[in-house]
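Just add 89 to the spot in the sequence shown (first one is 1) and you have our numbering.
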Amino acid sequence: MMRMTETVKQLLIINIIFFIGSQLVPAAYPLFSLYFPENESFRFWQPLTSMFMHAPMPNIMHIAFNMFALVSFGSALEHFWGPKKFLFFYISCGLGAALLHLGFSYYEYNSALTALQEAKIPSDVINMIAKEGKYNQTITDLVPLSTLEQLYFSYNTPSVGASGAIYGLLTAFAFMFPNAELALLFIPVPIKARYFVPGLIFLDLFLVLLNLHLV
């Protein structure tokens, strides 16, 4: 494995500090995670800080896999790009992913909101559903339960993790070193990066559906 480069080391330290700090100070989690802009917990710095946050204990695999990928792939990229270009790329990928997440949340929220408004649900009831998840059972006669859940979760569920930045590193590595042979612990057979990286990303996206994602 290539020696850990300086910028990667600093990013690793920052991620660990954020992780430990958010465990010791619970108030830090909603402060630095990325919330839907209309949520009262949203802060303008969250698109940046959320990429250094990770799922809380006992889910240690989230940060462990991210940091393993950061060190393994990031060091190789920084070695060839230099620290400034590498850091710019890393932060850009993380911010880009945050904006995509906000766009998706906006679409989910407004789709559910439109459905509720078309069903003539009063605005104060809609606000209660979005903020507290509370509703009268008769509302489910007018709109599907999935629509209520969509409104609530898009409004309240924060986004954390370096997934966007890590996906960027993986993709860049595959483009720069397509024939580099890589292997996972549970797949000991070496696989070329041009096949390994898309497969790993596909696996993670599949696990996201099961709420077991690696990145």
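For glycine and all other residues, C-beta sits at the position ideal for the given N, C-alpha and C. This structure is a prediction, so every number in the text was calculated from the model and none was measured.
- Closest option to A219, judged by alpha-carbon separation, among F264, F242, F157, L271: F242.
- Of P267, I290, T227, the smallest CA-CA separation from G253 is found for I290.
- Assigned with DSSP and collapsed to three states, K98 falls in helix.
- Counting along the chain, no alpha helix (DSSP H) covers V249, and no H or E run does either.
- In this structure, P119 and S130 form a Cβ contact; the two beta carbons are roughly 5 Å apart against a cut-off of 8 Å.
- Between the C-alpha atoms of N268 and F285 there is a straight-line separation of about 10 Å.
- Beta-bridge partners of I280 (DSSP): L271.
- Comparing alpha-carbon positions, the option among V278, A251, T236 lying closest to S200 turns out to be T236.
- The C-alpha of F262 is placed about 43 Å away from the C-alpha of L234.
- Excluding five sequence positions before and after F141, the CB atoms of its chain that fall closer than 6 Å to its own CB belong to I103, N104, F107, given in chain order.
- Between the alpha carbons of S248 and L123 lies a gap of roughly 5 Å.
- Counting along the chain, D230 sits inside no alpha helix (DSSP H), nor does DSSP assign it H or E at all.
- Between M93 and S164 the beta-carbon gap is near 5 Å, inside 8 Å, which marks them as a contact.
- Your pair Y224 and E127 does not check out as a contact, with CB atoms roughly 18 Å apart and the cut at 8 Å.
- Per the C-alpha coordinates, the member of L258, P172, T260, K209 positioned closest to E95 is P172.
- Here P136 is not near A186, since their CB atoms are 7 Å or more apart.
- Residue pairing of L123 in beta bridges, as defined by DSSP: S248.
- Closest in alpha carbon position to I149, among L259, I109, T138, is I109.
- Assignment of N216 by DSSP, reduced to helix, strand and coil, places it in the helix class.
- By the neighbour-count definition (other C-beta atoms within 10 Å, threshold 16), A251 is a buried residue.
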